[in-house]
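Data block below; observations after.
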Amino acid sequence: MSRPLRLALTYFALLALLALTVGSSFLPLGFGNTAANLVIAALKAALIATVFMELRSGGPLPRLVLGAALFWLLLLFVLSWIALRGV
Amino acid sequence: MSDIPVSKAFADTERETEADRFGMWIFLATEAMLFGAILLGYFILRLKYHDAFAAGSSQLSLPLATANTAILLTSSFAMAIGAETARSGALRCAHRALWATALLGAAFLAVKAYEYHDDWDKGLLPALGVFHYTGPNAGEMALFLNFYLASTALHATHLLIGILMVAFLALPSRLPTPRRARRIESVGLYWHFVDIVWVFLFPLLYLVQR
Numbered sequence: 001m002s003r004p005l006r007l008a009l010t011y012f013a014l015l016a017l018l019a020l021t022v023g024s025s026f027l028p029l030g031f032g033n034t035a036a037n038l039v040i041a042a043l044k045a046a047l048i049a050t051v052f053m054e055l056r057s058g059g060p061l062p063r064l065v066l067g068a069a070l071f072w073l074l075l076l077f078v079l080s081w082i083a084l085r086g087v
Numbered sequence: 088m089s090d091i092p093v094s095k096a097f098a099d100t101e102r103e104t105e106a107d108r109f110g111m112w113i114f115l116a117t118e119a120m121l122f123g124a125i126l127l128g129y130f131i132l133r134l135k136y137h138d139a140f141a142a143g144s145s146q147l148s149l150p151l152a153t154a155n156t157a158i159l160l161t162s163s164f165a166m167a168i169g170a171e172t173a174r175s176g177a178l179r180c181a182h183r184a185l186w187a188t189a190l191l192g193a194a195f196l197a198v199k200a201y202e203y204h205d206d207w208d209k210g211l212l213p214a215l216g217v218f219h220y221t222g223p224n225a226g227e228m229a230l231f232l233n234f235y236l237a238s239t240a241l242h243a244t245h246l247l248i249g250i251l252m253v254a255f256l257a258l259p260s261r262l263p264t265p266r267r268a269r270r271i272e273s274v275g276l277y278w279h280f281v282d283i284v285w286v287f288l289f290p291l292l293y294l295v296q297r
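Heads up: the protein sequence lines correspond to chains A and B, in order.
Mapping the first sequence onto my numbering, position 78 (from 1) lands on 78, and the numbers just tick up by one.
Going from the second sequence to my numbering is simple: count from 1 and add 87.
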């Protein structure tokens, strides 16, 4: 697949995911709404990072930085969650 | 189309390009910590005051925010086309894509400004002393609206900086094409990151519970 075509397909997928996230918010799913929103946001971010930001073809260093950033964020969120349990 | 490294520290442009990219990604990781800390505060308060956050969220304009999300996703697509065409040497095409990116970014800011104006009229900006809501959990709802203002304003500031950088790159320059392509790629990474930040802000602020 040529790169411009891949960019265009990614763009349309992003718009479809936007429609999905807005549409799903009108269904009464309770906590499912939040879960769906976050999963769709993560999918959109992954598409932007891998295709638009060339994470796959850009060599190992960007992936290393991304992995480190995600690790620190995970630590921040998990430790805060543990610290605030029952508060 | 050969190019020499800008810095003496690099033996060839490939090494330098990789260092450019690495440096920009490290900068973006620090930015992720900044926005991550804000989101952490948001999540903690949302778990505690879910109903007030949902009530605050339903006051915001979903149509404007949805349009803005589509505008920003389109701008990222234009930016990716700009970086791709610049790399292949088609500078005229790249310039057009960069101008489209900058204009779409400006359109986002224009819609956001209109939305802030609307929020002001509805009394939804407690941080600025404009808060008309008197229903239950007004204090917690004010907290949500302060998060809304702080995070969207910080995002808009990032976008404004991005627009200035993209517009600067779209101006005529005497730099060799490969070097310009590298600059466009670096600024593009920043642009896409700002897009990703919005991708998370959008559901967290506008879709709490419709």
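Ideal Cβ positions, reconstructed from N, Cα and C, are used throughout, including at glycine.
What's the C-alpha gap between residue i and residue j?
| i | j | result |
| --- | --- | --- |
| THR239(B) | ALA98(B) | 42 angstroms |
| MET88(B) | THR104(B) | Low per-residue confidence applies at MET88(B): pLDDT is 46, beneath 50, and the placement is therefore not dependable, though the value from the model is reported in the following sentence. Their Cα atoms are separated by approximately 15 angstroms. |
| PRO28(A) | ALA46(A) | 27 angstroms |
| PRO290(B) | LYS44(A) | 12 angstroms |
| THR10(A) | SER162(B) | 13 angstroms |
| ALA257(B) | ASP138(B) | 46 angstroms |
| THR188(B) | ARG267(B) | 16 angstroms |
| MET101(B) | PRO265(B) | In the sequence under discussion, the amino acid at residue 101(B) is Glu, which differs from the Met named in the question. If I take the Cα positions, the gap works out to 11 angstroms. |
| CYS180(B) | GLY226(B) | 52 angstroms |
| LEU147(B) | PRO213(B) | 14 angstroms |
| ASN37(A) | MET1(A) | 30 angstroms |
| ARG56(A) | ALA229(B) | 42 angstroms |
| PRO263(B) | VAL93(B) | 11 angstroms |
| MET53(A) | TYR220(B) | 42 angstroms |
| LEU74(A) | GLY86(A) | 20 angstroms |
| ALA157(B) | MET252(B) | 21 angstroms |
| PHE109(B) | LEU132(B) | 35 angstroms |
| LEU115(B) | HIS279(B) | 10 angstroms |
| ALA68(A) | ASN224(B) | 39 angstroms |
| HIS242(B) | ARG6(A) | 28 angstroms |
What does DSSP give as the partner residues of residue i in its beta bridges?
| i | result |
| --- | --- |
| VAL217(B) | LEU212(B) |
Which term fits residue i, buried or exposed, when burial requires 16 or more other beta carbons within 10 angstroms of its beta carbon?
| i | result |
| --- | --- |
| GLY23(A) | exposed |
| LYS95(B) | exposed |
| HIS245(B) | buried |
| ILE91(B) | exposed |
| ARG261(B) | exposed |
| ASP298(B) | The shown model of chain B, from 88 to 297, leaves out residue 298(B), and the question about it has no answer. |
| PHE164(B) | buried |
| ASP208(B) | exposed |
| ARG269(B) | buried |
| LEU126(B) | buried |
| PRO62(A) | buried |
| ILE248(B) | exposed |
| MET166(B) | buried |
| ALA119(B) | buried |
| THR99(A) | This structure gives no information on residue 99(A), because the portion of chain A shown stretches from 1 to 87. |
| LYS135(B) | exposed |
Inset, instruction - For the region 10-79 of chain A, list the alpha helix (DSSP H) runs that are entirely contained and at least 4 residues long, ordered along the chain. - result: 31-47
Legend entry - Chain-ordered residues of the region 139-173 of chain B with a beta carbon less than 8 angstroms from chain A: LEU149, THR153, THR156, ALA157, LEU160, THR161, SER163, PHE164, MET166, ALA167, ILE168, GLU171
Inset, instruction - Would you list, in sequence order, the uninterrupted alpha helix (DSSP H) runs of no fewer than 4 residues that lie entirely inside the region 216-267 of chain B? - result: 225-256
Legend entry - Contact residues within the region 274-294 of chain B, judged by C-beta distance below 7 angstroms to chain A: LEU276, HIS279, ASP282, ILE283, VAL286, PHE287, PRO290, LEU294
Inset, instruction - Scan the region 103-124 of chain B for residues whose Cβ lies nearer than 8 angstroms to a Cβ of chain A and list them as they occur along the chain. - result: GLU105, ARG108, PHE109, TRP112, ILE113, LEU115, ALA116, ALA119, MET120, GLY123, ALA124
Inset, instruction - Please name the residues in the region 14-28 of chain A whose beta-carbon is closer than 8 angstroms to at least one beta-carbon of chain B, in chain order. - result: LEU14, LEU15, LEU18, THR21, VAL22, SER25, PHE26
Inset, instruction - Note down, in chain order, all residues in the region 223-235 of chain B with a beta-carbon under 9 angstroms from any beta-carbon belonging to chain A. - result: none
Legend entry - 4 or more residues per run - each alpha helix (DSSP H) lying fully within the region 132-211 of chain B: 137-146, 149-174, 178-209
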